[in-house]
Amino acid sequence: MSAPLADVQPEERLAAALARLILDPAAPPARHIAVGAASPIPAAACWLVSKLDRPVRLSLLHKRSGNPFTEGTRELFDLTGQGRIDLFFLGGGQIDGQANINLIGTGEWPGQGVRFPGSFGSAFMYFMTPRTILFREEHSPRVLVPRVDHVSAPGVSPPEVFRRGTAQALVTGRCVFRFDPARARFTLESTHPGENLATIRAETGFDFDAPAEVPVTPDPSPEELALLRGAVCDEMVETYPEFCARVWGRAAAA
Amino acid sequence: MTQMSLEALAAAVPDGALLALPPDNSLPSVALAKALVRRGAKGLRLLGVPVSGFATDLLIGSGCVEEVQTSAVSLGEAGFAPRFSAAVKAGAITLRDATCPAIHTMLQAAEKGVPFMPLRGVIGSDILAHRPDWRVVQNPLSERPDPILILPALHPDVAAIHAVMADAQGNVWVGRRRECATLAHASRKLLVTVERVVRGNFLEDERLAPGTISATYVEAYAVAERGAHPVALLDEYGFDAAYVAAYARAARTEEGFRAWVEEHVFGRAAQVAAE
Numbered sequence: 001m002s003a004p005l006a007d008v009q010p011e012e013r014l015a016a017a018l019a020r021l022i023l024d025p026a027a028p029p030a031r032h033i034a035v036g037a038a039s040p041i042p043a044a045a046c047w048l049v050s051k052l053d054r055p056v057r058l059s060l061l062h063k064r065s066g067n068p069f070t071e072g073t074r075e076l077f078d079l080t081g082q083g084r085i086d087l088f089f090l091g092g093g094q095i096d097g098q099a100n101i102n103l104i105g106t107g108e109w110p111g112q113g114v115r116f117p118g119s120f121g122s123a124f125m126y127f128m129t130p131r132t133i134l135f136r137e138e139h140s141p142r143v144l145v146p147r148v149d150h151v152s153a154p155g156v157s158p159p160e161v162f163r164r165g166t167a168q169a170l171v172t173g174r175c176v177f178r179f180d181p182a183r184a185r186f187t188l189e190s191t192h193p194g195e196n197l198a199t200i201r202a203e204t205g206f207d208f209d210a211p212a213e214v215p216v217t218p219d220p221s222p223e224e225l226a227l228l229r230g231a232v233c234d235e236m237v238e239t240y241p242e243f244c245a246r247v248w249g250r251a252a253a254a
Numbered sequence: 001m002t003q004m005s006l007e008a009l010a011a012a013v014p015d016g017a018l019l020a021l022p023p024d025n026s027l028p029s030v031a032l033a034k035a036l037v038r039r040g041a042k043g044l045r046l047l048g049v050p051v052s053g054f055a056t057d058l059l060i061g062s063g064c065v066e067e068v069q070t071s072a073v074s075l076g077e078a079g080f081a082p083r084f085s086a087a088v089k090a091g092a093i094t095l096r097d098a099t100c101p102a103i104h105t106m107l108q109a110a111e112k113g114v115p116f117m118p119l120r121g122v123i124g125s126d127i128l129a130h131r132p133d134w135r136v137v138q139n140p141l142s143e144r145p146d147p148i149l150i151l152p153a154l155h156p157d158v159a160a161i162h163a164v165m166a167d168a169q170g171n172v173w174v175g176r177r178r179e180c181a182t183l184a185h186a187s188r189k190l191l192v193t194v195e196r197v198v199r200g201n202f203l204e205d206e207r208l209a210p211g212t213i214s215a216t217y218v219e220a221y222a223v224a225e226r227g228a229h230p231v232a233l234l235d236e237y238g239f240d241a242a243y244v245a246a247y248a249r250a251a252r253t254e255e256g257f258r259a260w261v262e263e264h265v266f267g268r269a270a271q272v273a274a275e
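Quick note, the sequences are listed as chains C and Y, same order.
Under my numbering, the first sequence has 57 at position 57, and the numbering climbs by one with no breaks.
Under my numbering, the second sequence has 108 at position 108, and the numbering climbs by one with no breaks.
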């Protein structure tokens, strides 16, 4: 069994911050959220929303038992095309100040510097979901760049291009940024403990706006922490065994 | 729908073929990929449907591949695909980047027998700038400006999957992984490895029929027990994370990769898989 966890862990704070963004009443409703394989913290945030008894359907792409799809990822993209997925999470090897994301690589096409895995479904999902939360734990000038080397999916589009939504926010290991699509620009919303406007500026390659006083990202509430460590972990352990073992000391059932 | 040996199945994939492979969560035949390495296949053009994983990295590292068209190549939790990354850096393969729903759509056009199909999104992505075969046109049914991407039908020469079982008629059962049917419909021939061959006819069983790919589409199949390993196969067996992590470590270098292939493709481990 794991030792008692006294302090809030960074992953728990990030999951709670993502959950607040999901529940933001000003954003389009998140009735149905799809989550990919490489996204344990976004998945934890979605399960937290669900365990807080908010009505949300979660479709986990890589869930082995009881997977919701009977036609694989093709069905996911068709669902999204139909407008039945309300929220998706995307990351990027590079993300720039206009919310363009790069999953291709750096240097000459197709990534003669560092090759990233590839764009996956980003060039479609970013357009076709009413909102996207960008999430990348690493917050450094090599990730958050003035201009991405290659655009896997653009942050904004000309008015004649069909698009249901774009980035709501960018959450990193250091802070939360909000995105304003009309201005194609991020505003710093809160910094995680230990960070401030100066440290964020130093670690961010793109320019952004900031209020006079930048709040600290709130800790999860005791109720949220209890859910994350209990019911949320229970749901996640099959799909994300390494994450649950690392963060919560929970071993998967054999 | 002929039953043959695994090595004969590998011989049915011609050098230079456009070979479609499902990703690591959708029934790839790792057994057939290993048999292609043993056969010394050359010039394969791989299509990731819609992304690529373990089998693709193995084939690239073994020098079997000339071109990869895919939406991503990854070993999942084990990280970047090392032989793919090295080959891109060295310029040893041609890489045609795509995005997942575009690959599905090109295959859906092929299964319908139409020359192209539209897809939303993608406009403004640099993927499009590197795909002269993809076009943006005005939606012909709209009065307003409405640019939309059209994608050509894509017919793989060969598709390879690993199914749970084949029946006496040569039908194969893929369970909930029914996206493999689109791959079968769009491809000129489907080669299948299976865990076992059983009596009867899946299409006479209402519970099995929806997860069945009819023998109409199956060119040939071979028994390869644990033929998806290290990838999971439905509820038959799980993903072998330790095996993939060990591969990822070994394949960081050319020498490490060669030693791994010697043991796991040509050595005793491969003998067991081929029985």
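Every residue, glycine too, gets a C-beta built ideally from N, C-alpha and C.
What you are looking at is a predicted structure, and each value in this text was computed from that prediction instead of being measured.
Just reading off the alpha helix (DSSP H) that residue i is part of, what are its end residues?
i                 : result
Ala10 of chain Y  : Leu6 to Ala11
Leu79 of chain C  : Gly72 to Gly81
Leu18 of chain C  : Pro10 to Ile22
Leu128 of chain Y : Asp126 to Ala129
Ala30 of chain Y  : A small correction: the amino acid at residue 30 of chain Y is Val; Ala does not occupy that position in the sequence shown. Val30 of chain Y -> alpha helix (DSSP H) spans Val30 to Arg39.
Pro118 of chain Y : From DSSP, Pro118 of chain Y is part of no alpha helix (DSSP H) but of the beta strand (DSSP E) over Phe116 to Leu119.
Glu213 of chain C : Segment: none, Glu213 of chain C is in no alpha helix (DSSP H) and carries neither H nor E.
Thr172 of chain C : Where Thr172 of chain C is concerned, there is no enclosing alpha helix (DSSP H), although the beta strand (DSSP E) it sits in stretches over Thr166 to Thr172.
Val65 of chain Y  : From DSSP, Val65 of chain Y is part of no alpha helix (DSSP H) but of the beta strand (DSSP E) over Val65 to Thr70.
Thr199 of chain C : Leu197 to Glu203
Glu189 of chain C : No alpha helix (DSSP H) holds Glu189 of chain C; the beta strand (DSSP E) holding it covers Arg185 to Thr191.
Leu59 of chain Y  : Phe54 to Gly61
Leu48 of chain C  : Pro40 to Lys51
Val88 of chain Y  : Pro82 to Ala90
Val261 of chain Y : Glu254 to Val261
Phe124 of chain C : Ser122 to Met128
Which residues mark the beginning and the end of the beta strand (DSSP E) in which residue i is found?
i                 : result
Ser259 of chain C : The displayed coordinates of chain C run from 1 to 254. Any statement about residue 259 of chain C would go beyond what the structure contains.
Arg136 of chain C : Arg131 to Arg136
Ser152 of chain C : No beta strand (DSSP E) holds Ser152 of chain C; DSSP gives it neither H nor E.
Asp96 of chain C  : Gln94 to Asp96
Val114 of chain C : Careful: Val114 of chain C lies outside any beta strand (DSSP E) and carries neither H nor E.
Thr239 of chain C : Counting along the chain, Thr239 of chain C falls outside any beta strand (DSSP E), and DSSP gives it neither H nor E.
His104 of chain Y : Where His104 of chain Y is concerned, there is no enclosing beta strand (DSSP E), although the alpha helix (DSSP H) it sits in stretches over Cys100 to Lys112.
Phe206 of chain C : Segment: none, Phe206 of chain C is in no beta strand (DSSP E) and carries neither H nor E.
Does the Cβ-Cβ distance between residue i and residue j come in under 8 Å?
i                 : j                 : result
Leu292 of chain Y : Thr193 of chain Y : This structure gives no information on residue 292 of chain Y, because the portion of chain Y shown stretches from 1 to 275.
Leu183 of chain Y : Val49 of chain Y  : yes
Leu47 of chain Y  : Leu21 of chain Y  : yes
Ile133 of chain C : Leu228 of chain C : no
Pro101 of chain Y : Phe124 of chain C : yes
Gly113 of chain C : Ile104 of chain C : no
Val37 of chain Y  : Val265 of chain Y : yes
Phe162 of chain C : Asp146 of chain Y : yes
Ser65 of chain C  : Val56 of chain C  : no
Gly40 of chain Y  : Leu75 of chain Y  : no
Arg45 of chain Y  : Glu66 of chain Y  : yes
Gly227 of chain Y : His162 of chain Y : yes
Glu263 of chain Y : Glu225 of chain Y : no
Leu233 of chain Y : Val164 of chain Y : yes
Gly113 of chain Y : Val174 of chain Y : no
His62 of chain C  : Thr217 of chain C : no
Leu191 of chain Y : Ala8 of chain Y   : no
Thr191 of chain C : Val214 of chain C : yes
Val158 of chain Y : Ser187 of chain Y : yes
Pro130 of chain C : Pro28 of chain C  : yes
Arg199 of chain Y : Ala168 of chain Y : yes
With a threshold of 7 Å, establish whether the CB of residue i neighbours any heavy atom of the ligand ATP.
i                 : result
Leu128 of chain Y : Of the ligands one can find in the structure shown there are none, so the ligand ATP has no counterpart to examine.
If residue i sits next to residue j, beta carbons under 8 Å apart, how far is it from one beta carbon to the other, in whole angstroms?
i                 : j                 : result
Gly155 of chain C : Asn100 of chain C : 5 Å
Ala34 of chain C  : Phe88 of chain C  : 6 Å
Phe135 of chain C : Val171 of chain C : 5 Å
Ser221 of chain C : Ile123 of chain Y : That pair is no contact at about 42 Å.
Tyr126 of chain C : Leu90 of chain C  : 6 Å
Ala210 of chain C : Leu197 of chain C : 5 Å
Val232 of chain C : Trp47 of chain C  : 4 Å
Ala35 of chain Y  : Thr70 of chain Y  : Not a contact, Cβ separation roughly 21 Å.
Met1 of chain Y   : Gly170 of chain Y : 3 Å
Glu236 of chain Y : Gly72 of chain C  : Between Gly72 of chain C and Glu236 of chain Y the Cβ distance is about 17 Å, and since that is not below 8 Å, they are no contact.
ask   = With a cut-off of 8 Å, do at least 3 Cβ pairs link the region 136 to 153 of chain Y to the region 200 to 211 of chain Y?
value = no
request  = Report yes or no: do the region 187 to 207 of chain C and the region 154 to 168 of chain C share at least 3 C-beta pairs separated by less than 8 Å?
outcome  = no
inquiry  = So, does the region 92 to 109 of chain C touch the region 137 to 144 of chain C, judging by three or more C-beta pairs under 8 Å?
reply    = yes
inquiry  = So, does the region 249 to 268 of chain Y touch the region 221 to 231 of chain Y, judging by three or more C-beta pairs under 8 Å?
reply    = no
ask   = Quick one: any contact between the region 113 to 120 of chain Y and the region 144 to 156 of chain Y, if contact means 3 or more CB pairs under 8 Å?
value = yes
task = Please list the segments of the alpha helix (DSSP H) lying wholly inside the region 177 to 247 of chain Y, counting only runs of 4 or more residues, in order along the chain.
result = 179 to 186
Uninterrupted beta strand (DSSP E) stretches inside the region 138 to 174 of chain Y (no shorter than 3 residues) = 147 to 152 and 158 to 166
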